[in-house]
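Residue numbers (the numbering used here): 39 to 481.
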């Protein structure tokens, strides 16, 4: 890939658009993989415009277009679209948002059949381009599916022309390119730092720290381990750049082209963003409720309604409840709009039984008046909840993370030997969700 400090992002994107077109002509499907905010939607729009200029019939779906629709409706749309012989391309933005829903498996079967059907007419061909995050590879689906069979292209750093032009006019071309290289060409930072350059560096670092849990939450466990390796080897013995794998780690990782050999190093603005403590492969933050809250948020990914299961949360004393309140305040600081947290716990059968109303009053005494109070739900499960103790359930990704005990998570006690482990599968998730549905509402 060309030096991002010498080549305009639009020119870098043009290389990818041309590569996508060539792959489609060769009969392949394409999976554009990148992190949120790196210009995936912008790039898909460029692909669409390029194909349409060459006479392709293009159908473009977004996650919002697919939400709430049945597999039959989607198939009917495709059949109607495939009426006349033509070169056709089905483009699906944010493909992973639908894979965790009820229609996800059927959608993957549909896209796979469309992408790899053999057209008899030489003037007819239908191909598929999907846009995903690295973590979407972990969502279970039919095998082989389009995510396995499609040609993977890492999304290069792409900025809207307006964002880059505004900085160029204010600073000059060289300064603009150098600045966006320092922040990994991460679109949201460019938009949020209106003047940039050194006097705004502190603002950029703060915003990068807020964005880090979202970006790490979009990485698969495999990519998080690779990011941890890069982080620990820098700066003494930096890792060599791995084509394909390291490209999808941008903007967290950049390619150091000034060295004798290409190296993978943390992008400058993210070096102080506390990335290491967010990774699955790293120790849990010890007595650090803010670091712990960021780590839990990183596990949630794009799921806006995660479920935290711990039977001992309802048994915390007043000091523990105060720590839980601090933890939740940190959890919702800088969180995505619409994020809520469901907590499933149980009463202590060995202690004096509190009524549900009394428990509700106790939670309200600590949570009341907080800006995030309406985004937290607490339910009491049966004794069977012990079988799913201390889990964070992320239904959107078919993902469960076995967490340390709640008093360690909220930073009240030393972490000790407790750590998290990763479980992926629909069975345990379904059981945990069933306990939630049948639980008694507290708040």
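Cβ atoms here follow ideal geometry from the backbone N, Cα and C, with glycine treated the same way.
Item	Value
Tell me which same chain residues have a C-beta within less than 8 Å of the C-beta of residue 90, skipping the five on either side of it?	96
Given residue 141, which residues of its chain have a CB within under 8 Å of its CB, disregarding the five upstream and five downstream residues?	104, 107, 108, 109 and 112
According to DSSP, is residue 338 part of a helix, a strand, or is it coil?	helix
First and last residue of the beta strand (DSSP E) that includes residue 164?	163-170
If you run the structure through DSSP and keep just helix, strand and coil, what is residue 158?	With a pLDDT of only 47 at residue 158, under the threshold of 50, the placement of this residue in the model should not be trusted; the figure read from the coordinates follows. If DSSP states are grouped into helix, strand and coil, residue 158 belongs with coil.
Exposed or buried, what is residue 338 when buried is set at 16 or more other beta-carbons lying within 10 Å of its beta-carbon?	buried
Taking all protein chains shown into account, decide if residue 426 is buried (16 or more other Cβ within 10 angstroms of its Cβ) or exposed.	Here the model assigns residue 426 a pLDDT of 49, short of 50, so the residue's position is not dependable, and the following value carries that caveat. Counting Cβ neighbours within 10 Å, residue 426 comes out buried, since at least 16 surround it.
Using a threshold of 8 Å, state whether the C-beta atoms of residue 434 and residue 138 are closer than that.	yes
State whether the region 447-455 contacts the region 347-363, with contact taken as three or more CB pairs (one from each stretch) at a distance under 8 Å.	yes
Let me check understanding here. Comparing Cα to Cα, which of 289, 310, 271 and 275 lies closest to residue 241?	310
For the region 370-383 against the region 342-349, are there 3 or more C-beta pairs whose distance is under 8 Å?	yes
Out of curiosity, what's the CA-to-CA distance linking residue 326 and residue 443?	14 Å
Between residue 313 and residue 279, which are expected to be in contact by the criterion C-beta below 8 Å, what is the C-beta distance as a whole number of angstroms?	About 18 Å separates the two Cβ atoms, so there is no contact after all.
With DSSP run on the structure shown, which of helix, strand or coil describes residue 95?	strand
Does the beta-carbon of residue 273 have 16 or more other beta-carbons within 10 angstroms, so that it is buried, or is it exposed?	exposed
State the DSSP-derived secondary structure class of residue 250, mapped to helix, strand or coil.	helix
List in chain order: all unbroken beta strand (DSSP E) runs of 3+ residues lying wholly within the region 375-454.	379-383, 414-418, 429-432 and 437-440
Residue 109 bridges to which residues according to DSSP?	DSSP output for residue 109 lists no bridge partner at all.
Do you know whose CA, among 371, 252, 263 and 150, lies nearest residue 328's CA?	371
Would DSSP call residue 473 helix, strand or coil?	helix
For residue 304, which residues does DSSP report across the bridge?	291
Tell me whether residue 114 is buried or exposed, calling it buried when 16 or more other Cβ atoms sit within 10 Å of its Cβ.	exposed
For residue 168, which residues of its own chain have a beta-carbon under 6 Å away from its beta-carbon, when the five flanking residues on both sides are left out?	69, 130 and 133
State the DSSP-derived secondary structure class of residue 346, mapped to helix, strand or coil.	strand
Between residue 366 and residue 432, which are expected to be in contact by the criterion C-beta below 8 Å, what is the C-beta distance as a whole number of angstroms?	With 8 Å as the limit, residue 366 and residue 432 do not qualify as a contact, their Cβ atoms being about 18 Å apart.
Have a look at the DSSP bridge pairing and note the partners of residue 69.	168 and 190
Return the chain-ordered list of same chain residues with a C-beta closer than 6 Å to the C-beta of residue 190, the five sequence neighbours on each side being excluded.	69 and 71
Quick check on residue 478: does DSSP put it in helix, strand or coil?	strand
For residue 490, which residues does DSSP report across the bridge?	Since the first residue of the chain shown is 39 and the last is 481, residue 490 is not available in this structure.
Do the CB positions of residue 258 and residue 180 come within less than 8 Å of each other?	no
Excluding sequence positions up to five away, which residues of its chain have a Cβ less than 6 Å from the Cβ of residue 39?	Note that residue 39 has pLDDT 38, beneath the 50 cutoff, so the model's placement of it is unreliable and no number is given.
Answer with buried or exposed for residue 335, where buried requires no fewer than 16 other C-beta atoms within 10 angstroms of its C-beta.	buried
Can you check whether the CB of residue 67 is closer than 8 Å to the CB of residue 153?	yes
Return helix, strand or coil for residue 258, following the three-state DSSP convention.	coil
Within 10 Å of its beta-carbon, does residue 285 have 16 or more other beta-carbons around it, so buried, or fewer, so exposed?	buried
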